[in-house]
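As structure tokens, the structure follows; a few thoughts come after it.
Numbering (our numbering), first residue to last: 5 to 121.
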């Protein structure tokens, strides 16, 4: 027997969806990710528990993505960094898209602290 998704109020999840969109836009204009992470920090306190997992996920995406990118950038001097930058880019997109899918279904993120996909 599968569990029914949590009913979502569009006003509750709209902010989280906007943050995911800002993260995707950050691929072209990086400053929007900073705006998104600030919004996630501000919004997480008053959110219902299922939505807090999304804000926690968004905060982790920002900081871990920044860490992966910085390490990859430094390693570009020994050429392996270029491959790692590609992996970090794919990781970033996968995490954002998976978050958006779960949000659209009204489901919490199962493991927002994960370092992987």
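Virtual Cβ for every residue (Gly too), placed ideally from N, Cα, C.
| query | result |
| --- | --- |
| Same chain only: Cβ atoms within 7 Å of residue 25, ignoring 5 sequence neighbours per side | none |
| First through last residue of the alpha helix (DSSP H) which encompasses residue 87 | 84-109 |
| For residue 18, the nearest candidate out of 77, 75, 55 and 38 (CA to CA) | 55 |
| Coarse secondary structure for residue 119, derived from DSSP in three states | coil |
| Classification of residue 44 by the beta-carbon crowding that lies within 10 angstroms, buried from 16 upward | buried |
| Separation of residue 116 from residue 32, as counted between CA atoms | 25 Å |
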